[in-house]
């Protein structure tokens with residue numbers, strides 16, 4: 581049985597098919613997702629990540645990531661403890677936040693696998709270009725909330741889908757490691773289900789906080 585990775589096994593419907601895989605959309609939470617049989621293997625997923633440009637000296641990459649720094653600075657005082665969840669092979673964002681006075685830890689299921697950092701508590705958690713890769717996003721968010729201190733925030737970066745986008749030509753779906761695609765309706769559902777509020781501070785940046 582194909583199940584929505586977020587909310588229910590019973591609400592999804594076929595959405596789109598290309599030459600590589602199928603996509604379903606949940607009519608309850610609006611998540612677009614790829615069924616498990618089309619998910620990449622762990623070795624293939626890592627090989628794809630190795631193709632990404634994660635060069636900390638690349639100005640375009642730096643500018644892409646640093647957009648999430650001001651919303652954190654507006655909400656978190658210097659000295660706050662943060663976790664970069666899904667930091668990738670070069671923890672550039674964590675370094676940027678350290679330079680801004682934050683105490684940062686890093687975790688990545690491929691590159692920084694010390695799970696003890698997931699047993700500590702944090703004032704904020706940042707996760708950039710991660711949610712679209714998760715096969716079980718709800719359970720992962722629940723785990724992150726369990727290590728977030730009261731009043732803390734989770735800052736997420738992922739490119740959302742909306743009705744103005746032609747899905748067939750949408751570049752974001754073409755990465756085989758992207759298996760979940762969110763919309764404002766999906767984030768509305770997640771916020772309500774998890775007891776959170778959120779603010780969309782840029783098209784692809786969302787700040788979640790306990791209600």
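Residue numbers (my numbering): 581 to 791. A virtual CB, placed ideally from N, CA and C, is assigned to each residue, including glycine.
- Judged by DSSP in its simplified three-state form, residue 632 adopts coil rather than helix or strand.
- Residue 651 and residue 783 have their C-alpha atoms roughly 13 Å apart.
- The beta carbons of residue 606 and residue 586 sit closer together than 8 Å.
- For residue 687 and residue 721, the gap between their C-alpha atoms comes out near 14 Å.
- If you look at residue 708, you'll find it isn't in any alpha helix (DSSP H); it sits in the beta strand (DSSP E) that goes 702-708.
- Beta-bridge pairing by DSSP links residue 601 to no other residue.
- Residue pairing by DSSP places residue 735 opposite 706, 787 in a beta bridge.
- DSSP places residue 656 in no beta strand (DSSP E); its state is neither H nor E.
- Membership of residue 780 in the beta strand (DSSP E) is indicated by the continuous run 776-782.
- By the beta-carbon neighbour count (other beta carbons within 10 angstroms, threshold 16), residue 753 is buried.
- When the beta-carbon positions are compared, residue 702 and residue 658 stay at least 8 Å from each other.
- Cβ-Cβ distances below 7 Å link residue 615 to 582, 602, 604 in the same chain, with the five nearest sequence neighbours on each side left out; the list follows chain order.
- The Cβ neighbour count for residue 758, taken over all protein chains shown within 10 Å, is at least 16; the residue is labelled buried.
- Annotation for residue 683: 661 place their beta carbon closer than 6 Å to its own, counting only its chain and skipping 5 residues before and after.
- Residue 749 carries a helical assignment under DSSP once its states are collapsed to helix, strand and coil.
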